[in-house]
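K.L.:
Submitted below is the structure of interest, expressed as structure tokens.
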Amino acid sequence: MSLSDELYRETILDHYHHPRNQGALEHPSVEVEGVNPLCGDELTLYLDVEDGTISQVRLKSRGCSINMASGSMMTEVIAGQTLERAEELIDKFKYMMLNKDEAVVLPEEMEDLEALQGVKRYPVRIKCALLPWNTLQESISSLRTQAAVDGQTIKGKMITTEE
Ligand code: ZN
């Protein structure tokens, strides 16, 4: 194992054992559930959005280390971002995970997520890494397409990983 593999492994295990921003928001702007039946990963993402900016984020997740670490790192990266920027970050993360050949360099604010690059070698686990990001994408599109009623949470459709 190379030094960077070792560091990547430590980063993943740290987020797995101490996931950041775990829990629920009581009255979020939007919430979306995601499940990955292939692995047993389950999560619910809660976002508070004020004036187009993600002001608070919580994630309730259960599952494998790849899913937990990806979600935990995602919550750290997207807090305080505009929805437009969050969408750019989703694209960058997906590009990294789905681009088999190249090593991809992520923007500085999300460089810890490069730790998941090694997962590309295991196609089944790519879905574990993408699940939190797919629920984020659904959250943002639900916010854009569903009319907000004061004080009510928008619920996006459940994201299910397909085989
Ligand atoms: Zn998994």
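Terminal number for the sequence shown in the working numbering: 1026, no gaps in between.
In this text, a Cβ means the ideal position worked out from N, Cα and C, and glycines have one as well.
Pull up the DSSP beta-bridge partners for residue 983, would you.
P.N.:
Residue 983 is not bridged by DSSP to any residue.
K.L.:
When DSSP builds the beta bridges, which residues end up paired with residue 899?
P.N.:
904
K.L.:
So, helix, strand or coil for residue 922, using DSSP?
P.N.:
Note: residue 922 maps to strand in three-state DSSP.
K.L.:
Where DSSP assigns a beta bridge to residue 1018, which residues make up the other side?
P.N.:
894
K.L.:
Does the ligand ZN have a heavy atom nearer than 8 Å to the CB of residue 903?
P.N.:
With a cut-off of 8 Å, the C-beta of residue 903 is classified as near the ligand ZN, since at least one heavy atom of the ligand falls inside that distance.
K.L.:
Alpha carbon to alpha carbon, what distance is there between residue 1025 and residue 991?
P.N.:
11 Å
K.L.:
Is the region 918-938 in contact with the region 869-877, if contact means three or more CB pairs nearer than 8 Å?
P.N.:
yes
K.L.:
Is it right to say residue 947 is buried, meaning 16 or more other beta carbons lie within 10 angstroms of its own, or is it exposed?
P.N.:
Classified as exposed, residue 947 has fewer than 16 neighbouring CB atoms from the shown chains inside 10 Å of its CB.
K.L.:
If you draw a straight line from the alpha carbon of residue 1029 to that of residue 966, how long is it in whole angstroms?
P.N.:
This structure cannot speak to residue 1029, because the chain is shown only from 864 to 1026.
K.L.:
Considering only their Cβ atoms, is the gap separating residue 907 from residue 923 smaller than 9 Å?
P.N.:
yes
K.L.:
Indicate the three-state DSSP secondary structure (helix, strand or coil) for residue 1001 in the structure shown.
P.N.:
helix
K.L.:
How many whole angstroms separate the CB atoms of residue 897 and residue 989, which I take to be in contact at a CB cut-off of 8 Å?
P.N.:
No, residue 897 and residue 989 are not in contact; Cβ-Cβ is about 14 Å, not under 8 Å.
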